[in-house]
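As they're listed, the protein sequences go chains A and B.
Residue numbers in the first sequence follow this note's numbering, run continuously in steps of one, and reach 262 at the last position.
Residue numbers in the second sequence follow this note's numbering, run continuously in steps of one, and reach 524 at the last position.
Just so it is clear, CB atoms sit at the ideal spot from N, CA and C, and this is done for glycine as well.
One structure is given here, and the rest of the page talks about it.
There are 2 protein chains.
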Amino acid sequence: MQVATTLSVGRTLRDTTPPRPHTVLFELNRIRAACSACALREICVVEGLDVEAMSQIDELVSGRVRLHKGDTVFRAGDRFTSLYAIRSGSCKTVALTEDGHDQVSGYHMSGEILGTDGIGTDRYASQAVALEDTEVCVLPFSRIEAFGRQHVRFQHNLHRLLSREISREGKVMLLLGTMLAERRLAVFLLDLSERYRARGYSSCEFVLRMTREEIGSYLGLKLETVSRLFSRFQRDGLLQVQGRIVKLLDRASLKRLVAGAD
Amino acid sequence: MQVATTLSVGRTLRDTTPPRPHTVLFELNRIRAACSACALREICVVEGLDVEAMSQIDELVSGRVRLHKGDTVFRAGDRFTSLYAIRSGSCKTVALTEDGHDQVSGYHMSGEILGTDGIGTDRYASQAVALEDTEVCVLPFSRIEAFGRQHVRFQHNLHRLLSREISREGKVMLLLGTMLAERRLAVFLLDLSERYRARGYSSCEFVLRMTREEIGSYLGLKLETVSRLFSRFQRDGLLQVQGRIVKLLDRASLKRLVAGAD
DNA sequence: CGACTAGTTGAGGCCAGTCAATGTTGGTGG
DNA sequence: CCACCAACATTGACTGGCCTCAACTAGTCG
Numbered sequence: 001m002q003v004a005t006t007l008s009v010g011r012t013l014r015d016t017t018p019p020r021p022h023t024v025l026f027e028l029n030r031i032r033a034a035c036s037a038c039a040l041r042e043i044c045v046v047e048g049l050d051v052e053a054m055s056q057i058d059e060l061v062s063g064r065v066r067l068h069k070g071d072t073v074f075r076a077g078d079r080f081t082s083l084y085a086i087r088s089g090s091c092k093t094v095a096l097t098e099d100g101h102d103q104v105s106g107y108h109m110s111g112e113i114l115g116t117d118g119i120g121t122d123r124y125a126s127q128a129v130a131l132e133d134t135e136v137c138v139l140p141f142s143r144i145e146a147f148g149r150q151h152v153r154f155q156h157n158l159h160r161l162l163s164r165e166i167s168r169e170g171k172v173m174l175l176l177g178t179m180l181a182e183r184r185l186a187v188f189l190l191d192l193s194e195r196y197r198a199r200g201y202s203s204c205e206f207v208l209r210m211t212r213e214e215i216g217s218y219l220g221l222k223l224e225t226v227s228r229l230f231s232r233f234q235r236d237g238l239l240q241v242q243g244r245i246v247k248l249l250d251r252a253s254l255k256r257l258v259a260g261a262d
Numbered sequence: 263m264q265v266a267t268t269l270s271v272g273r274t275l276r277d278t279t280p281p282r283p284h285t286v287l288f289e290l291n292r293i294r295a296a297c298s299a300c301a302l303r304e305i306c307v308v309e310g311l312d313v314e315a316m317s318q319i320d321e322l323v324s325g326r327v328r329l330h331k332g333d334t335v336f337r338a339g340d341r342f343t344s345l346y347a348i349r350s351g352s353c354k355t356v357a358l359t360e361d362g363h364d365q366v367s368g369y370h371m372s373g374e375i376l377g378t379d380g381i382g383t384d385r386y387a388s389q390a391v392a393l394e395d396t397e398v399c400v401l402p403f404s405r406i407e408a409f410g411r412q413h414v415r416f417q418h419n420l421h422r423l424l425s426r427e428i429s430r431e432g433k434v435m436l437l438l439g440t441m442l443a444e445r446r447l448a449v450f451l452l453d454l455s456e457r458y459r460a461r462g463y464s465s466c467e468f469v470l471r472m473t474r475e476e477i478g479s480y481l482g483l484k485l486e487t488v489s490r491l492f493s494r495f496q497r498d499g500l501l502q503v504q505g506r507i508v509k510l511l512d513r514a515s516l517k518r519l520v521a522g523a524d
């Protein structure tokens, strides 16, 4: 659909950093890009490290990659080499069924790590796609493991990260297995809201980066159902929708929906 | 429901190894119980370790616990301290929704590891319950992390283990989000079959350790639906059911169901 | 033997899917 | 700037798969 999807398999990332004339500016960008100066370090794997570890942590990053909307970070089946940290922007992960259908299995925001499903089999199990202009840090997993052997705190952070991914998925399983449609959407919206809040953005007004179809796929619903729910929520005064722009108006009622008032 | 469930919270594991008179026999059991002699070491975290590491690995296990059917290994909210390896028997993990409902989130067999969802928050996110008489090894996580810092191979095994749990859950999400009931059950049965095979048991005849209700909960279905499906599969000659005993008769058709012949 | 739990089967209802028509938005090129 | 197109979204009518409710059976255990 996008130019970038014509990239050959195994070379999914778009070329970055061709030699530039503006070296000074470029250098400045490089510095600002360092982990130790990154605004996301509180959310990222490096949270809570001591000064000494922090000074070495930039070595974990083998490179940074700019992606346009629709670009692929990695594909299912690609050889696993690295984790990816989202510096800015957002991505979806997509799992593929045997019969060719696919499902959005995750929505990932800045500071979050992609690719953890690849460690177990040496191949990524899902595909990660940028939902907007996005920048990711490439973290070769061999470096991560080496660093983990030296820094107890970092090692534990890594384990927490993997574990949190396990419990995140556990929550989605609950959602898919036990909840009715309106509850699923309410959970989704409150989760988004909370994650925007944690990043310093407005928790009651935000832009959906996924289409109705993608949201539906993530929630185990059809796009028409998602659309109808948005309309109903709006009619009931729970929120205001205009295309992808959502404004939460009655958080209490949304939470009541989630808690299962019925 | 079971006597053991009357155990107080925080002391969920049933008391083991009261001092015994038959010390010789007891000692013999202890030796046979060692990781280095365990029949499951191919499946467990210790796979592929060198002799030197293998000789130290028993130190990872702080104890072994025998559980009866219905006993709890850990509860959601309990402080996370250890992972548990199933030596024999099987367990289910149960996730709890905010409104008190619960869902079976996993079915775990010998050689598999429980408790990985607790690392991220220092509290277990789910409850693990024995489905039959079961023995588990207790692996204090601090020892696991310490060992990981010393043994590259073990460290990687641990990461693979956590990652495989992530992709396992990813597959269940796909199942819950995109598949119709008959497909879910077919996937479930073939998965069981494969895992029994990997353990040297018959892959076409086995005993379900979960009730129809538990299976339904795991698959996002009601118990009546599960029951009806078993009956239909039997009528169609795909398998033979008698209560919990299942005999797969037409694996090819089951696979066709999974692949989505319709 | 009665009480209990697990499982089976049937009838009917509802939530979400399907199919289809129409409206809206955003990017592109004349 | 506007016309055009494609992708995205909304809404309605109808269908169907699974749930709900309920009755009944089989096996287990004190």
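Quick one: residues in its chain with C-beta nearer than 6 Å to the C-beta of A/Ile245, no 5 flanking neighbours on either side, listed in chain order? Indexing the first sequence from 1 puts residue 245 of chain A at position 245. Within its own chain, the residues whose Cβ lies closer than 6 Å to the Cβ of A/Ile245, once the five positions on either side in sequence are excluded, are Val207, listed in chain order.
Can you grab the Cα-Cα spacing for the pair A/Arg197 / A/Glu205, in whole Å? On the first sequence, position 197 is the one that residue 197 of chain A refers to. On the first sequence, position 205 is the one that residue 205 of chain A refers to. In a straight line, the C-alpha of A/Arg197 is about 10 Å away from that of A/Glu205.
Do you know whose CA, among B/Gly382, B/Glu360 and B/Asp333, lies nearest B/Ala390's CA? For the purposes of this step, residue 390 of chain B is taken as residue 128 along the second sequence, with counting starting at 1. Nearest C-alpha to B/Ala390: B/Asp333.
For the alpha helix (DSSP H) that contains B/Tyr369, what are its first and last residues? Here the question's residue 369 of chain B lines up with position 107 in the second sequence. DSSP places B/Tyr369 in no alpha helix (DSSP H) but in the uninterrupted beta strand (DSSP E) bounded by Asp364 to Met371.
Please name the residue, chosen from A/Leu161, A/Gly148 and A/Leu83, that lies closest to A/Ser126 on a Cα-to-Cα basis. On the first sequence, residue 126 of chain A is found 126 positions in, with the first residue counted as 1. Sorting A/Leu161, A/Gly148 and A/Leu83 by C-alpha distance to the C-alpha of A/Ser126 places A/Leu83 at the top.
Are there three or more Cβ pairs, one per stretch, closer than 8 Å when the segment 99 to 108 of chain A is compared with the segment 431 to 449 of chain B? In short, these stretches touch, since the Cβ pair count reaches three.
Test: A/Arg251 CB closer than 9 Å to a CB of chain B: Along the first sequence, one-based indexing puts residue 251 of chain A at 251. With 9 Å as the cut-off, A/Arg251 does not count as an interface residue toward chain B.
For the segment 420 to 438 of chain B, which residues have a beta carbon sitting closer than 7 Å to at least one beta carbon of chain A? Those residues of the segment 420 to 438 of chain B that come within reach of chain A (Cβ to Cβ, closer than 7 Å) are His421, Arg422, Leu424, Ser425, Arg426, Glu427, Ile428, Ser429, Glu431, Gly432, Val434, Met435, Leu436 and Leu438.
For B/Arg527, which of B/Met371, B/Leu358 and B/Gly339 has the nearest alpha-carbon? This structure leaves residue 527 of chain B out entirely; chain B is present only between 263 and 524.
Ignoring anything shorter than 3 residues or poking outside the segment 186 to 256 of chain A, list the beta strand (DSSP E) runs there in chain order. Annotation note: the segment 186 to 256 of chain A contains the following uninterrupted beta strand (DSSP E) runs of length 3 or greater, listed N- to C-terminal: 205 to 207, 239 to 242 and 245 to 248.
Whole angstroms are fine: how far does the CA of B/Leu500 sit from the CA of B/Arg513? Working through the second sequence from its first residue, we reach residue 513 of chain B at position 251. Working through the second sequence from its first residue, we reach residue 500 of chain B at position 238. So the two alpha carbons sit approximately 7 Å from each other.
With 8 Å as the limit, tell me which residues of the segment 363 to 379 of chain B have their beta carbon closer than that to any beta carbon of chain A; keep them in chain order. Cβ contacts with chain A come from His363, Gln365, Ser367, Thr378 and Asp379.
Give me the Cα-Cα distance between A/Arg209 and A/Ser90, rounded to the nearest whole angstrom. The residue given as residue 209 of chain A occupies position 209 in the first sequence. The residue given as residue 90 of chain A occupies position 90 in the first sequence. Roughly 8 Å separates the two Cα atoms.
Please classify B/Lys509: is it buried, with 16 or more other beta-carbons within 10 angstroms of its beta-carbon, or exposed? Reading the second sequence from its first residue, position 247 is the one you call residue 509 of chain B. The residue in question, B/Lys509, is exposed, as its Cβ has fewer than 16 Cβ neighbours within 10 Å.
Contact set between A/Gly120 and chain B, taken where Cβ atoms lie within less than 7 Å: As a position in the first sequence, residue 120 of chain A is number 120, starting the count at 1. The answer, in chain order, is Arg422, Ser425, Arg426 and Ser429.
For A/Arg164 and B/Asp379, I'd like the C-alpha separation in whole angstroms. Numbered from 1 along the first sequence, position 164 holds the residue referred to as residue 164 of chain A. Numbered from 1 along the second sequence, position 117 holds the residue referred to as residue 379 of chain B. If you draw a straight line from the Cα of A/Arg164 to the Cα of B/Asp379, it is about 7 Å long.
A/Ile113 (DSSP reduced to helix, strand or coil): In the first sequence, residue 113 of chain A corresponds to position 113, counting from 1. For A/Ile113, the secondary structure class from DSSP, reduced to helix, strand or coil, is strand.
Any beta-carbon of chain A closer than 9 Å to the one on B/Tyr480? For the purposes of this step, residue 480 of chain B is taken as residue 218 along the second sequence, with counting starting at 1. Yes, its Cβ sits closer than 9 Å to a Cβ of chain A.
Mind pulling the beta strand (DSSP E) runs of 3 or more residues that sit fully within the segment 126 to 190 of chain A? When DSSP assignments are scanned along the segment 126 to 190 of chain A, the uninterrupted stretches of beta strand (DSSP E) that are 3 or more residues long and fall wholly within it turn out to be 127 to 130 and 134 to 140.
What are the boundary residues of the alpha helix (DSSP H) that includes A/Ala53? Working through the first sequence from its first residue, we reach residue 53 of chain A at position 53. Counted as a single uninterrupted DSSP element, the alpha helix (DSSP H) harbouring A/Ala53 occupies residues Val51 to Gln56.
Opposite B/Val323 in the DSSP bridges: which residues? The count along the second sequence starts at 1 and reaches residue 323 of chain B at position 61. In the DSSP assignment, B/Val323 is bridged to no other residue.
By a C-beta neighbour count over all protein chains shown, 10 Å radius and 16 as the cutoff for buried, is A/Arg184 buried or exposed? Here the question's residue 184 of chain A lines up with position 184 in the first sequence. Flag for A/Arg184 reads buried.
Let me know the secondary structure DSSP gives B/Cys353 once reduced to three states. Counted from its first residue, the second sequence places residue 353 of chain B at position 91. It is a strand residue.
Please report the Cβ distance between B/Ala443 and B/Leu393, rounded to the nearest whole angstrom; I am assuming they are in contact, meaning their Cβ atoms lie under 8 Å. Numbered from 1 along the second sequence, position 181 holds the residue referred to as residue 443 of chain B. Numbered from 1 along the second sequence, position 131 holds the residue referred to as residue 393 of chain B. The pair is not a contact, with the Cβ atoms about 23 Å apart (cut-off 8 Å).
Using a Cβ-Cβ distance under 9 Å, would A/His156 count as near chain B? Translated into the one-based positions of the first sequence, residue 156 of chain A becomes position 156. Closer than 9 Å: yes.
How about A/Met179: is its C-beta nearer than 9 Å to some C-beta of chain B? Here residue 179 of chain A corresponds to residue number 179 of the first sequence, with the count starting at 1. Yes, because at least one Cβ of chain B sits closer than 9 Å to the Cβ of A/Met179.
Spatial distance of A/Val215 from A/Gln242 (CA atoms): For the purposes of this step, residue 215 of chain A is taken as residue 215 along the first sequence, with counting starting at 1. For the purposes of this step, residue 242 of chain A is taken as residue 242 along the first sequence, with counting starting at 1. In the sequence as presented, Val is not what sits at residue 215 of chain A; that position holds Ile. If you take the alpha carbons of A/Ile215 and A/Gln242, they lie about 15 Å apart.
By the three-class DSSP mapping on this structure, what secondary structure does B/Val335 have? Within the second sequence, residue 335 of chain B is the residue found at index 73, counting from 1. Assigned with DSSP and collapsed to three states, B/Val335 falls in strand.
Chain A partners of B/Asp361, CB-CB under 8 Å? Here residue 361 of chain B is taken as the residue at index 99 of the second sequence, counted from 1. Close to B/Asp361, with beta-carbon spacing below 8 Å, are these residues of chain A in chain order: Ala259 and Gly260.
Hey, A/Leu192 and A/Ile113: beta-carbon distance below 9 Å or not? Along the first sequence, read from residue 1 onward, the residue named residue 192 of chain A stands at position 192. Along the first sequence, read from residue 1 onward, the residue named residue 113 of chain A stands at position 113. Cβ distance not < 9 Å, so A/Leu192 and A/Ile113 don't count as in contact.
How about A/Gln56: is its C-beta nearer than 9 Å to some C-beta of chain B? The count along the first sequence starts at 1 and reaches residue 56 of chain A at position 56. Judged by the 9 Å Cβ criterion, A/Gln56 is not in contact with chain B.
Buried or exposed for A/Met73, going by 16 or more other Cβ atoms inside 10 Å? For this step, residue 73 of chain A is matched to residue 73 along the first sequence. The sequence given here has Val at residue 73 of chain A, not Met. Burial check for A/Val73: the Cβ neighbour count within 10 Å reaches 16 or more, so the residue is buried.
Just the C-alpha distance for B/Thr355 and B/Asp395, rounded to the nearest angstrom, thanks. The count along the second sequence starts at 1 and reaches residue 355 of chain B at position 93. The count along the second sequence starts at 1 and reaches residue 395 of chain B at position 133. Each residue's Cα considered, the two are about 16 Å apart.
A/His159 versus A/Gly111: straight-line alpha-carbon distance, rounded: Here residue 159 of chain A refers to the residue found at position 159 of the first sequence. Here residue 111 of chain A refers to the residue found at position 111 of the first sequence. Linking A/His159 to A/Gly111 through their CA atoms gives a straight-line distance of about 16 Å.
Against chain A, does B/Arg490 count as a neighbour if the rule is that its beta carbon must be under 9 Å from one of theirs? Numbered from its first residue, the second sequence carries residue 490 of chain B at position 228. Not one beta carbon of chain A lies nearer than 9 Å to the beta carbon of B/Arg490.
Does the Cβ of A/Pro18 have 16 or more other Cβ atoms within 10 Å, making it buried, or fewer, making it exposed? As a first step, residue 18 of chain A is located in the first sequence; it is residue number 18 there, counting from the start. With a pLDDT of 39 at A/Pro18, under the threshold of 50, the modelled position of that residue is not reliable, and no figure is offered here.
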